[in-house]
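Inspection log for the structure reproduced underneath, given as structure tokens.
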Amino acid sequence: MIKSIDRLLDRVTMYRLILYYLLVLLGAAGVMSALGMLAFSPISLLFTTAFLFAACWVTNTIFAMTFAAPTNTESVYITALILALIITPITPLKSMPDMYFLLWVSVLAMASKFILAINRKHLFNPAALAVAITALTIDQAATWWVGTLPMLPFVLLGGLLLVRKIRRFGLLFVFLFASLVTIMGFSALQHDNLLTTLQLTFLSSPLLFFGFVILTEPLTTPPTRPLQMIYGAIVGVFFAPQLHFGSLYFTPELAILIGNVFSYLVSPKAKIVLKLKEKVQIAPDIYDFIFTPSKKLAFAPGQYMEWTLGHDYPDSRGNRRYFTLASSPNEDNLRLGVKFYNQSSSYKRSMLAMEKDSEIVAGQLAGDFVLPRGINQKCVLIAGGIGVTPFRSMIQHLLDINQRRDLVIFYINRHEDEIVYKDVFDKARQKLGIKTVYTLTDASQVPPTWKGKVGYVDKRMLRENVPDYGKCLFYVSGPNAMVTSVQDMLLSLGISRDHIKTDFFPGLV
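The opening position of the sequence shown corresponds to residue 1 in our numbering, with each subsequent residue numbered one higher.
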């Protein structure tokens with residue numbers, strides 16, 4: 001069941017999944033309002049949503065043209081839908097102050113993506129910043145009406161799918177724990193009924209929607225898991241509605257803005273513009289893209305970035321992708337290894353058509369798939385197909401700094417001609433003693449001259465090449481099905497989950 005859900009989630013991008021989720025919530029709200037279960041009419045909901053859509057789109061278009069910046073159309077729609085779910089729908093053309101409120105909140109949300117994007121990096125969640133400003137300036141605030149009992153089943157089901165897609169359960173749980181402890185603590189001090197407080201918090205508050213959608217927004221989330229846990233705790237504490245400084249009571253939007261400041265302080269500070277220096281085919285359907293960055297980028301081998309490529313008529317997968325950096329931090333250029341398919345997305349087709357000096361924007365550096373600090377810890381790196389890119393980054397870095405580590409690499413491909421970066425791995429064997437075990441899975445196509453292994457990495461192959469596997473840390477990167485299979489095999493050997501690190505495999509996002 002879980003594997004089927006994962007396969008379904010792999011077919012849609014993160015941004016598109018969020019968009020579908022929000023649309024489903026609004027559709028459900030339309031039905032609920034028609035049944036009299038929500039305090040507004042379907043006409044009001046439709047009008048408010050349409051108005052926000054139009055205002056956000058027009059404002060974003062103007063700013064994008066002014067700043068000559070590539071834009072993600074899905075991001076515009078997502079912000080408009082979030083606003084529609086947290087601002088009480090208004091009666092069409094009945095109240096001009098309400099109309100001005102919708103207009104201003106749209107303008108402020110879109111403007112924040114450009115004006116408050118320091119060095120092209122977003123500082124605040126656009127929807128949260130917009131409603132916080134209007135609450136403080138024109139006394140018009142978000143009601144977070146999506147956090148009501150009739151909406152709970154839809155919020156919960158879709159939200160769990162979203163968090164599974166982006167692998168942010170740890171962040172969500174820390175936030176929920178911190179917020180509940182703070183809320184229940186205040187309730188106990190005020191001698192409130194704790195059971196009633198708990199019921200209201202889960203059933204009639206924006207807690208879950210906020211955690212699923214607002215908290216996990218990638219652009220304003222810290223880059224590594226430890227920092228994300230701290231971020232979740234900070235936002236959770238300030239989410240408590242009883243918390244106040246004088247007459248200023250905290251709201252969900254203020255809580256996330258405080259978290260955004262923390263995230264900005266601990267995250268890489270800029271997006272960078274890169275120009276294509278060279279495009280090299282390194283295997284059938286696999287190309288290396290070598291870019292010259294506008295500024296030197298500091299990163300850890302194994303991390304990934306979000307890459308925005310503006311192009312005409314983007315399809316349903318949009319104009320953003322996550323790619324792991326295949327280059328070493330010591331190299332002057334940034335390298336991506338990308339696999340293309342016969343029916344590639346508009347993004348991949350546009351990428352493949354890039355010519356020398358074509359530009360692309362990269363940002364949101366993140367990832368914990370990095371080698372341990374202790375150089376004496378033995379590690380086993382298992383890659384499937386193009387999932388080898390983080391290992392190329394790691395091994396090239398070790399070559400650059402001439403650092404020996406006790407590593408064994410297993411590199412799985414169907415056919416011999418799909419093997420990439422063999423020069424790097426072979427050089428590491430000669431200079432650093434790092435062993436690479438190449439294995440092919442299509443036994444019918446193995447050439448007579450093949451000197452590597454045949455078959456998938458299983459218990460037997462692991463024991464033959466790593467007799468002391470019980471002392472190792474394991475890093476697994478590749479297609480989701482392959483990662484899951486290897487992880488299950490390692491667990492069956494008694495390897496602790498804490499000793500198995502799986503790559504985010506950002507291509508699926």
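Virtual Cβ for every residue (Gly too), placed ideally from N, Cα, C.
Status (buried if at least 16 other CB within 10 Å, exposed otherwise) for residue i
{"i": "Asn512", "result": "As displayed, the chain neither begins before 1 nor continues past 509, which places residue 512 out of reach and without an answer."}
{"i": "Ser33", "result": "buried"}
{"i": "Pro206", "result": "buried"}
{"i": "Val105", "result": "buried"}
{"i": "Ala514", "result": "Any property of residue 514 remains undetermined from this structure, which presents the chain solely from 1 to 509."}
{"i": "Val509", "result": "Low per-residue confidence applies at Val509: pLDDT is 47, beneath 50, and the placement is therefore not dependable, though the value from the model is reported in the following sentence. Its Cβ being crowded by 16 or more others within 10 Å, Val509 is buried."}
{"i": "Ile5", "result": "exposed"}
{"i": "Leu490", "result": "buried"}
{"i": "Arg320", "result": "buried"}
{"i": "Met14", "result": "buried"}
{"i": "Pro372", "result": "exposed"}
{"i": "Ile18", "result": "buried"}
{"i": "Ile495", "result": "buried"}
{"i": "Gln343", "result": "exposed"}
{"i": "Leu136", "result": "exposed"}
{"i": "Lys453", "result": "buried"}
{"i": "Val280", "result": "exposed"}
{"i": "Met65", "result": "exposed"}
{"i": "Lys296", "result": "exposed"}
{"i": "Pro268", "result": "buried"}
{"i": "His244", "result": "exposed"}
{"i": "Leu9", "result": "buried"}
{"i": "Thr502", "result": "buried"}
Nearest neighbour of residue i, chosen from the options [CA to CA]
{"i": "Gly363", "options": "Glu306, Leu336, Ile43", "result": "Glu306"}
{"i": "Gly337", "options": "Arg7, Met351, Ser345", "result": "Met351"}
{"i": "Lys435", "options": "Lys459, Tyr249, Arg404, Phe169", "result": "Arg404"}
{"i": "Gln511", "options": "His499, Phe169, Ile258", "result": "There is simply no residue 511 to check, as the chain begins at 1 and stops at 509 in what is shown."}
{"i": "Thr48", "options": "Ala84, Val58, Asp503, Ala68", "result": "Ala84"}
{"i": "Ala383", "options": "Tyr421, Phe202, Ser263", "result": "Tyr421"}
{"i": "Val235", "options": "Glu464, Phe175, Ala68, Tyr100", "result": "Phe175"}
{"i": "Thr216", "options": "Lys165, Arg392, Met184", "result": "Lys165"}
{"i": "Ala424", "options": "Pro447, Trp450, Val388", "result": "The sequence given here places Val at residue 424; Ala does not occur at that position. If we check each option's Cα against that of Val424, Val388 comes out closest."}
{"i": "Gly374", "options": "Asp406, Asp288, Ser346, His397", "result": "Asp406"}
{"i": "His397", "options": "Val370, Ile412, Tyr411", "result": "Val370"}
{"i": "Leu265", "options": "Tyr341, Gln228, Ala111", "result": "Gln228"}
{"i": "Leu152", "options": "Ala132, Met184, Leu129, Phe202", "result": "Phe202"}
{"i": "Tyr77", "options": "Ser44, Tyr20, Leu102, Tyr100", "result": "Tyr20"}
{"i": "Thr324", "options": "Tyr347, Leu38, Ser393", "result": "Ser393"}
{"i": "Leu219", "options": "Tyr100, Thr79, Val437, Ser444", "result": "Thr79"}
{"i": "Val31", "options": "Phe250, Met1, Phe154", "result": "Phe154"}
{"i": "Met354", "options": "Leu309, Arg317, Ser327, Leu189", "result": "Leu309"}
Contact belief for residue i with residue j at Cβ below 8 Å, rounded distance in angstroms
{"i": "Tyr313", "j": "Ala366", "result": "Not a contact, Cβ separation roughly 29 Å."}
{"i": "Ala428", "j": "Leu381", "result": "Actually they do not touch by this definition, with Cβ atoms about 11 Å apart."}
{"i": "Leu25", "j": "Gly158", "result": "7 Å"}
{"i": "Thr143", "j": "Ile87", "result": "7 Å"}
{"i": "Ala109", "j": "Cys56", "result": "7 Å"}
{"i": "Thr182", "j": "Val237", "result": "5 Å"}
{"i": "Ile282", "j": "Ile256", "result": "Between Ile256 and Ile282 the Cβ distance is about 43 Å, and since that is not below 8 Å, they are no contact."}
{"i": "Ala141", "j": "Thr134", "result": "7 Å"}
{"i": "Phe291", "j": "Ile360", "result": "7 Å"}
{"i": "Tyr456", "j": "Leu493", "result": "That belief does not hold up - the Cβ atoms of Tyr456 and Leu493 are roughly 15 Å apart, past 8 Å."}
{"i": "Thr441", "j": "Phe410", "result": "The pair is not a contact, with the Cβ atoms about 12 Å apart (cut-off 8 Å)."}
{"i": "Leu93", "j": "Leu52", "result": "15 Å between Cβ atoms; not a contact."}
{"i": "Pro89", "j": "Ser112", "result": "No, Pro89 and Ser112 are not in contact; Cβ-Cβ is about 23 Å, not under 8 Å."}
N-terminal and C-terminal residue of the beta strand (DSSP E) that residue i is part of
{"i": "Ile500", "result": "500-502"}
{"i": "Tyr322", "result": "320-324"}
{"i": "Gln364", "result": "359-366"}
{"i": "Leu160", "result": "Counting along the chain, Leu160 falls outside any beta strand (DSSP E), though it belongs to the alpha helix (DSSP H) covering 152-166."}
{"i": "Lys339", "result": "334-339"}
{"i": "Leu440", "result": "435-440"}
{"i": "Phe410", "result": "407-413"}
Element boundaries [alpha helix (DSSP H), containing residue i]
{"i": "Ala80", "result": "73-86"}
{"i": "Phe392", "result": "The amino acid occupying residue 392 in the given sequence is Arg; Phe does not appear at that position. 389-401 is the span of the alpha helix (DSSP H), which, as asked, contains Arg392."}
{"i": "Val181", "result": "169-189"}
{"i": "Val425", "result": "Per the sequence presented here, residue 425 reads as Phe, with Val not at that position. It spans 422-432 - the alpha helix (DSSP H) in which Phe425 sits, taken as one unbroken run."}
{"i": "Tyr456", "result": "Where Tyr456 is concerned, there is no enclosing alpha helix (DSSP H), given that its DSSP letter is neither H nor E."}
{"i": "Leu381", "result": "Unbroken run through Leu381 is the beta strand (DSSP E), 379-384; no alpha helix (DSSP H)."}
{"i": "Thr565", "result": "Past the edges of the chain, shown from 1 to 509, lies residue 565, and the structure says nothing about it."}
{"i": "Lys356", "result": "Premise fails: Lys356 is in no alpha helix (DSSP H) and is neither H nor E."}
{"i": "Leu352", "result": "346-352"}
(request) Let me know the beta strand (DSSP E) ranges lying completely inside the stretch 284-318, each 3 residues or longer, listed in chain order. (result) 286-293, 304-308
(request) May I have a chain-ordered list of the alpha helix (DSSP H) segments no shorter than 4 residues that lie completely inside the stretch 96-131? (result) 96-115
(message) To test your reading of the DSSP string, which unbroken beta strand (DSSP E) runs of 3 or more residues are found completely within the stretch 7-46?
(response) none
(message) If we require 3 or more residues per run, which beta strand (DSSP E) segments fall completely within the stretch 459-498?
(response) 473-477
(request) Scan the stretch 236-274 and note each continuous beta strand (DSSP E) run of 3 residues or more that stays entirely inside, going in chain order. (result) none
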